[in-house]
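**Student:**
Number of protein chains: 2
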Amino acid sequence: MQDGLSLTFAALADPTRRAMLARLSRGEANVSDLAKPFLKEMSLPAVTKHLKVLEKAGLVTKTREAQWRPCKLNGAPFKDVSNWMEQYRTFWEESFDRLDAYLKTVTGNEGKKGKKHGRKK
Amino acid sequence: MQDGLSLTFAALADPTRRAMLARLSRGEANVSDLAKPFLKEMSLPAVTKHLKVLEKAGLVTKTREAQWRPCKLNGAPFKDVSNWMEQYRTFWEESFDRLDAYLKTVTGNEGKKGKKHGRKK
DNA sequence: TAGTTAATTAACCTATTGGTTAAATATAAA
DNA sequence: TTTATATTTAACCAATAGGTTAATTAACTA
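Dropping the structure here:
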């Protein structure tokens with residue numbers, strides 16, 4: 000059994016599944032609609048499996064309408080990812096601000112040439 | 000060969016690796032420092048492997064200092080994730096709207112359920 | 001030089017992932 | 001009742017992920 004965040008990240012770690020989410024972000028679609036762009040590269044059951052991964056992560060909700068299975072995007076797991084990401088915001092903002100990064104090294108607790116891993120001798 | 004986003008999401012899809020990132024967000028650490036919290040659950044080579052996944056995703060940079068390997072967090076992949084996430088912001092914010100709508104229903108207001116996304120038949 | 005500490009590599013194992021084809025199920029339509 | 005469409009399930013397979021233990025490499029220390 001996996002935690003929710005792990006399920007979500009694992010679901011997002013595949014370009015086919017991300018493309019399916021992008022498609023769903025433009026509106027509901029049933030399985031064969033979702034599959035169409037990929038049927039040159041893979042079979043329909045493969046798409047069904049990808050969809051199941053997205054469902055298990057809660058990213059997609061599948062309903063029933065006659066023989067079709069309309070799918071829609073569910074935002075909640077994105078919110079979870081966003082919340083988790085917040086704790087790293089300073090790092091990714093810093094990575095595009097060299098001055099800020101430099102200031103961090105010179106004002107930080109340990110300088111670059113300092114004894115970083117102070118083992119007692 | 001995987002694209003960068005897939006490598007990053009896959010790296011994030013493991014609680015041990017996320018815990019290692021959390022540790023690194025509080026400062027540089029060498030491999031045995033990083034491993035310490037996990038050595039009851041897994042071996043040191045297992046930690047080395049997790050670290051390698053984080054490195055391949057570009058989330059961690061490992062340097063050399065005597066026999067130690069100081070590791071530091073690299074923000075760039077977080078930025079990539081954040082950029083990718085932007086296209087879904089409306090969906091996770093909308094999920095708050097839904098919660099808000101629900102709260103209104105339980106506090107006496109009639110919730111209107113309008114279809115947001117049209118589906119072709 | 002020998003010993004200690006830090007970390008990696010090698011060889012191996014099992015479970016999971018991502019795909020396949022063929023068969024089955026569900027619903028609508030003729 | 002048969003046929004067509006939409007989708008899933010079953011059975012299988014190869015590659016990868018995540019773990020192990022034992023051996024190896026790298027650098028410092030006595």
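In order, the protein sequences belong to chains A and B. Using numbering that gives the first Met the number 0, the letters of the first sequence map in sequence onto residues 0 to 120. Using numbering that gives the first Met the number 0, the letters of the second sequence map in sequence onto residues 0 to 120. Idealized CB from N, CA, C, for every residue including glycine. From a predicted model like this one, the values you see are computed outputs, not experimental measurements.
Report yes or no: is there a C-beta of chain A within less than 8 Å of the C-beta of B:M84?
**Tutor:** Closer than 8 Å: yes.
**Student:** What residue does the beta strand (DSSP E) around A:T124 start on, and which one ends it?
**Tutor:** Absent from the structure is residue 124 of chain A, since the part of chain A shown begins at 0 and ends at 120.
**Student:** Compare the beta carbon distance of A:F90 and B:G3 with 8 Å and say whether it is the shorter of the two.
**Tutor:** Not closer than 8 Å, so no.
**Student:** Per DSSP, A:T60 is paired with what?
**Tutor:** Its beta-bridge partners are A:K71.
**Student:** What is the DSSP secondary structure of A:G3, reduced to helix, strand or coil?
**Tutor:** Looking at A:G3 - three-state DSSP - the assignment turns out to be helix.
**Student:** Do you know whose CA, among A:Y87, A:K78, A:E85, lies nearest B:E92's CA?
**Tutor:** Closest option to B:E92, Cα to Cα, is A:K78.
**Student:** For chain A, is any of its Cβ atoms less than 8 Å away from the one on B:V46?
**Tutor:** Not one chain A Cβ lies under 8 Å of B:V46.
**Student:** Assign B:L11 to one of two classes, buried (16 or more other C-beta atoms within 10 Å of its C-beta) or exposed (fewer than that).
**Tutor:** So B:L11 counts as buried.
**Student:** Pick helix, strand or coil for B:A65, following the three-state DSSP scheme.
**Tutor:** Reduced to three states, the DSSP call for B:A65 is coil.
**Student:** Mind checking which residues open and close the alpha helix (DSSP H) that includes B:P36?
**Tutor:** Run containing B:P36: none; DSSP gives neither H nor E here.
**Student:** Alpha carbon to alpha carbon, how far is B:G57 from B:K51?
**Tutor:** Their Cα atoms are separated by approximately 10 Å.
**Student:** Taking 8 Å as the cut-off, does the region 24-31 of chain A touch the region 14-32 of chain B (at least 3 CB pairs, one atom from each stretch)?
**Tutor:** Judged by Cβ distances under 8 Å, the region 14-32 of chain B makes no contact with the region 24-31 of chain A, as fewer than three pairs qualify.
**Student:** A:V59 and A:F72 - do their beta-carbons sit closer together than 8 Å?
**Tutor:** Residue identity check: residue 72 of chain A is Leu in the sequence provided, not Phe. Yes.
**Student:** Please classify B:A12: does DSSP put it in a helix, a strand, or coil?
**Tutor:** Coil, per DSSP.
**Student:** Does chain A have any CB closer than 8 Å to the CB of B:F77?
**Tutor:** Answer yes: the Cβ-Cβ gap between B:F77 and chain A drops below 8 Å somewhere.
**Student:** I need the straight-line Cα distance from A:E85 to B:P36, nearest angstrom please.
**Tutor:** C-alpha separation (whole angstroms): 23 Å.
**Student:** Run through chain B and tell me which residues come within less than 7 Å of A:V52, C-beta to C-beta.
**Tutor:** Within 7 Å Cβ-Cβ: nothing; A:V52 doesn't reach chain B, min ~11 Å.
**Student:** Please report whether the beta-carbon of B:L43 lies at a distance below 8 Å from any beta-carbon of chain A.
**Tutor:** Output row for B:L43: interface = no.
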